[in-house]
Amino acid sequence: MDLETLKKTVAEGLEEAGAAQTADAVEAVRITYLGRKGLMPQVMKELKTVAPEEKAEVGRLANTFKKELAELLESRREELSGDGKGAAESATFDYTLPGRGPRRGTRHPISAVIEEAVAIFGRMGFTVAEGPDVETPYHNFEALNTPGYHPSMDRQDTFWLDDGKLLRTQTSPVQIRVMESRTPPVRIVTPGRCYRRDTTDATHSANFHQIEGLYVDSQVSLADLKGTLAYFAHEMMGPDVAVRFRPHFFPFTEPSVECDFSCHVCSGSGCRVCKGSGWIEIAGAGMVDPRVFEKVGYDPETTTGYAFGMGIERIAMIRYGIPDIRLLYENDMRFLRQF
Amino acid sequence: MKLPLSWLREYVDVDASAEEIAEKLTFSGTEVEGIEHVGAGCESIIVGEVLAWEKHPKADRLRLCRVSDGSNELPVVCGADNFDAGDKVALAPVGATLPDGMTIKEAKLRGEVSQGMLCAEDELGLSADHAGIMILPADAAAGTPLLDVMGGVETVLELEVTWNRPDCLCVIGMAREVAALYGLDLKIPEPALEETGKPVEEWTRVEVQDAADCPRYTARVLTDAELKPSPMWMRRRLACCGVRPINNVVDITNYVMLECGHPLHAFDFAMLKESRIVVRRAAEGEQMATLDDEERRLTPEMLVIADAERPVAVAGIMGGAGSEISDATQTVLLESATFDPALTHRTSVALGLSTESSHRFERTVDRATVEWASRRAAALMGEHCGATLAAGVIDVCGEAAGQAPIVCRLGRLESLLGVSFSRDEVLAILARLQIPVAESNDETVSVLPPSFRPDLKIEADIFEEIARMHGLDEVPAAAPMGRVVVDADDARPRAVVACRDHLVGLGLSEIMNYSFLSEQLVDRFGKDADDRRVALLDPVSADHGIMRDSLIPQMAESLGHNAAHQELNAACFEIGSVFYRAGDGIQEEDHLSIGLMGQPQGWGDGAADTSPEGTFLRIKGLLEELVRVQNAPALELQPDTHPAFEPGWCAALFAGEEKVGILGLLVAPIRHQWRIQVPVAMAELKLDAILSQTHDVQGFKAIPVYPSVARDLALLVDESVRHGDIVQVIESDAPMELTGVDLFDIFRSEEIGEGRKSMAYSLTYRSAERTLTDEETNRLHVAIMDRLRQELKAEIRER
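Protein sequence lines, in the order shown, are assigned to chains A and B.
Under the numbering used here, residues 8 to 346 are what the first sequence spells out, in order.
Under the numbering used here, residues 1131 to 1929 are what the second sequence spells out, in order.
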């Protein structure tokens, strides 16, 4: 038997050993290959007729195979009859028993929404920028063109610390910090925690998350902003979700808009989620006010840009149909395991 | 702000429906949050006349009334006491339906028959007033439908006026918006005055100490005012706007404020010492009682209106009780002024007193409207209070200078909005908004911002006007584009995302807690670190008063919350900032906490061991695997103590020389507070210690070519000898052929003896150059056994 034929014989032998379903079949395989008149003794007998260059290899392979097959047949015999269980067990195996093995944990829905949003904006070239939760009034208010007596500056809305700093009420100060530290272009999103002195109820939380975006360059328009938010809307909420702009006011953008998404549940015809209007208020946005550019040392004549911001909890609640914001901070495993 | 449409239509002839107007306003920047129909549902309510009443024989607080419905006399039982025989009242007769859907039936109240109900305003949905039943004008005929007396159902828009548009906080301001949106004319009444009294200068004097605090102050004097309720139509309008009618003089000041946005104040002239007005800062410690009967402590940071001796009003916020208009008032001093917005705001915050007046002054009122508002109110007082008007007006400071023109470039307008506008389109929009244009050419339009638009300061402000009038939703969405900012570095946030993925992949679920917690909870975990704590100056509640300086307390609390809800098995992590005081400032640092309780699902057979040792080793193993998948530097454990952790079950985590965290088993007293019966393992570490860096790639190691040889080794050692000691001895002088040391058994028995244990290891040998012979392997193995005997006094039980 030449090397090529032997290799084929070996492969067949291993397969037949596995295919044997009864002790008799196992014995038959043994006789075929290892029996006194079996194939392997025959190979050894005929070894002298093998071409000289193959002789050593054929001998080694035949020996290894003999040992291997003998072990394999032995274990197969045990599987089938050993303690008398093998075959019987496989015949009556209850495949409906609970599966075992690893269980993945879950991301918090707030993280899930942030990561999803970051990924969507990431596809448009936005990178993540972060800043401190403890901020100066300058970065949180003044640099954002918010006068010292703006209502949001009120003590009743802001958490103050005893060193004159505060807990940021928005992630916008990160925009200021990034612009202070580099020249345009700037294309960032800023997910993060914010704090307002709201009394906690079903829709308010004193500790919440926002994601804001900022694009500053030489030729940026409101139409670009709309295109960007429209892409985000259908990536985040669904391919049929449209956006619309309504004028609004924010101190740091001019013009300022509120951006509504068409309701992903009823496709705009009106339902409980959108309170019958067909639209859901999601984002505040606008063209960066030139006075903000002046504050960070950019030339307002040559620089234009847009900014937008939205609440993560709100998106999470709408996306997953969570009725009460407090569920997001209770850390109940029965809730968290669903994400 | 509430806007009654019948009032709006006095100034602009708009015939669109409420819904259409609401839509237009919402899409031009003033969001309409609701549309109310005040009076709807009152169709079956009529005017009743109280003919007589007597006390209910069995109930002190009820009255038995005889009420005429115009044709019949009805017995009606009523709980109010603000009426008398002869009064006209709102009557819901048997069969009538109230706005809330309730139908009136004949009833017996404490044994007395009642064939109707006398209604209060709130019961009719007309206002929030439930002070008593509604008293109607004496000339209303019994039996007339109530709506006829009230002038029908009023449609009221509920507006959200943005902070930058104080001009919209009044009916005329909104009429101006509506006129601009529909291209209609704005009709503002011109008040006609009959100034028949002696000159106002003979009545009073006004002194303004600092024009910066009070840029303009006007005063008029009206004599012989007849105090009475205002006419029905005025009271209805005030009520629709949420302002409670009081008397005709006060109502007129409020009416004019709601009409033109300019708050006014009326003083009882007789109460002003020396009959004069001084606008000044309050003296330190000065006090006054305001109209709400609160005694206010004033400071020099506050502006007051004073007479010769004492403050009579907190400027722009609230009048004083001492000079309040009362039924006895005959002569009125009418103030129309402007006050510094920031000063007004600070005072309002300091006093905790926010009023319709302060709301407007802190947002800036139009200095040019001061005089019109004064005339308008004086004319109405002449008409409705029968007052005689002193000749002339005292006007301190007068008109303001006009604002400088704003140059708007049409090219920039187009590039900023992404929409092109012709000059004519821009001019048409500005004209509709009553924004005058000084000059214009093909490139620029030079705008003169009117005094009623304090928000228009720069070019972008004008662009916004054009955009919102054009319709912001008309702006097309440009195709979204990508743009790579090459030097933007967000490696760290991406590393955090990757780390979270790994933690989740290891079977942990993410929790999220507030950044602040209660002092009580912090204290449970040790009071030693008091000086590290960062407290909020003014927390919403004591539950959230301290910034967290560790994630451990809330992790324990979260596990406890779950234990309390029969969720006894949990594996959790949290990534979040902690805050602590260090040096002069507040440090902020990202931490990771991990908590293991019970037998988390899917953790394999090893999770069944909820002994302290099993639990501790599980969290240790988790950290080891985390470090491995994160490709972070190894963490060394060193014995440590922590108030949250059991002594002897606590270790510090070191990355090189730096202590980066701690782990341990939660102390029983804390566990027991949440009724947790099983050991709980927790770890907290600096997040940066386990973050992998983007470019920090582990290089490839060649796969071994030659087979390995395993040799087992069992040693009997004292209990004090630790696994770490054994590994250290084995590895201290190990040949390079030793490639693995694995503990596979620990065994204790009587046979081995007290204080001793057997530890079994499997050692793996492999050469990179050849297949090791038994002889070579034995030589290496024997050398290691010799060292173990010498250094650890180990007794080797060879296998």
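Note that beta-carbon positions come from the ideal geometry of N, C-alpha and C, so glycine has one too.
At the C-beta level, P1187 of chain B and R1490 of chain B stay beyond 8 Å of one another. Taking C-beta atoms as the reference points, L1228 of chain B and E1251 of chain B fail to come closer than 8 Å. Taking the Cβ atoms as the reference, A1597 of chain B lies roughly 11 Å from A230 of chain A, outside the contact range of under 8 Å. Inter-residue distance for G1178 of chain B and E1203 of chain B is about 10 Å (C-alpha atoms, whole angstroms). The beta-carbon distance between D1572 of chain B and R1553 of chain B, rounded to whole angstroms, is 6 Å. This is short enough to meet the 8 Å contact definition. Neighbours of R1886 of chain B in chain A, taken as residues at a C-beta separation under 9 Å, are lacking, since the least C-beta distance is about 37 Å. For the C-beta of G220 of chain A, not a single chain B residue is nearer than 8 Å; the gap to the nearest is close to 12 Å. With respect to the 8 Å criterion, L10 of chain A and E64 of chain A are classified as neighbours on the basis of their beta carbons. Check the Cα spacing between A1436 of chain B and each of B:E1849, B:A1451, B:D1422, B:D1423: the tightest is with B:A1451.
Using a CB distance cut-off of 8 Å, A1701 of chain B counts as an interface residue toward chain A.
A straight-line Cα-Cα distance of about 24 Å links D1661 of chain B and T165 of chain A. The region 1300 to 1317 of chain B makes no contact with the region 1412 to 1431 of chain B, as fewer than three CB pairs between them are under 8 Å. Taking C-beta atoms under 8 Å as the contact rule, I319 of chain A and Q182 of chain A fail to qualify, at a distance of about 17 Å.
A direct Cα-to-Cα measurement between I1676 of chain B and D1653 of chain B gives close to 11 Å. Counting of Cβ neighbours within 10 angstroms places H146 of chain A among the buried residues, the total reaching 16 or more.
Each residue's CA atom was taken as its position, placing R1365 of chain B and E242 of chain A some 53 Å apart.
D1398 of chain B and E219 of chain A have their alpha carbons spaced roughly 54 Å apart. Counting only residues of its own chain and dropping the five nearest sequence neighbours on each side, H1695 of chain B has no CB closer than 7 Å to any other CB.
For the region 116 to 143 of chain A, residues whose beta-carbon sits nearer than 8 Å to a beta-carbon of chain B comprise I117, S118, E122, V125, R130, M131, G132, T134, V135, A136, E137, P139, D140, V141. Residue-level contact check: Q226 of chain A touches chain B, since one or more beta carbons of chain B fall below 8 Å from its beta carbon. According to the DSSP assignment, Y1836 of chain B belongs to no beta strand (DSSP E), since it is labelled neither H nor E. If you check the CB distance, S1453 of chain B and L1402 of chain B come in under 8 Å.
In the DSSP assignment, H146 of chain A falls within the alpha helix (DSSP H) that extends over 144 to 147.
For the region 1663 to 1675 of chain B, the beta-carbon criterion of a distance under 9 Å to any beta-carbon of chain A is satisfied by V1664, A1665, L1666, L1667, D1668, P1669, V1670, S1671, H1674. The beta carbons of A314 of chain A and T260 of chain A sit closer together than 8 Å. Under the DSSP definition of a beta bridge, A1782 of chain B partners with B:Q1768, B:I1792. Secondary structure note for Q345 of chain A: it is in no alpha helix (DSSP H), with a DSSP letter that is neither H nor E. Distance between E123 of chain A and L1765 of chain B, taken at the CA atoms: about 32 Å. Counting the other CB atoms within 10 Å of its CB gives F1874 of chain B a total below 16, which places it among the exposed residues. K44 of chain A and V50 of chain A have their alpha carbons spaced roughly 10 Å apart. L1767 of chain B places its beta carbon less than 8 Å from that of A1781 of chain B.
A Cβ-Cβ contact shorter than 8 Å links C270 of chain A with G285 of chain A.
Residue-level contact by beta carbon holds for L1638 of chain B and chain A, with a gap shorter than 8 Å. In this chain, E1431 of chain B is not harboured by any alpha helix (DSSP H), its DSSP state being neither H nor E. In chain order, L174, R175, R200 place their CB closer than 7 Å to the CB of D140 of chain A, counting only its own chain and leaving out the 5 sequence neighbours on each side. Within the model, the alpha-carbon separation for A1272 of chain B versus R1196 of chain B is close to 13 Å.
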